[in-house]
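Report on the following structure.
Residue numbers (the UniProt record's numbering): 1 to 117.
The following block contains the structure:
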């Protein structure tokens, strides 16, 4: 007896990505825009919040994200912008370095990240 043929799955048409603009803009939703530029990591929430406020005064879109269990094991990350692609985040990291002399690197949001601003 011949083995059964594998069940077919419905093909889902792929959505084409929109053309990139010359100046990547931050998106409004973390789910739709999972990338950002991390510019700081702190063990103390107040230190992260202070740094975030300094960066907001420079006109940057900033978020403080907590990761880890509540308490002493929590880290607070300062992140700039929200982007739909890693390339947009990399481009922003380069721009932030050039414009603000601020070191940063692109990161993807993780399911256990908590925005705590």
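The beta-carbon is built from N, C-alpha and C at its ideal position, and this holds for glycine as well.
On the CB-based measure, 16 or more other CB atoms within 10 Å of its CB, does residue i come out buried or exposed?
i, result
"residue 39", "buried"
"residue 88", "buried"
"residue 32", "exposed"
So, for residue i: in the same chain, excluding its five sequence neighbours on each side, which residues have a beta-carbon less than 7 Å away from its beta-carbon?
i, result
"residue 92", "24, 37, 80, 81 and 83"
"residue 100", "58"
Would DSSP call residue i helix, strand or coil?
i, result
"residue 73", "coil"
"residue 115", "strand"
Considering residue i, what are the terminal residues of the alpha helix (DSSP H) in which it resides?
i, result
"residue 95", "86-100"
"residue 48", "45-57"
Who are the Cβ neighbours of residue i in its own chain at under 6 Å, not counting the five residues just before and after it?
i, result
"residue 108", "34 and 35"
"residue 55", "62"
Could you give the first and the last residue of the continuous beta strand (DSSP E) run that contains residue i?
i, result
"residue 63", "62-67"
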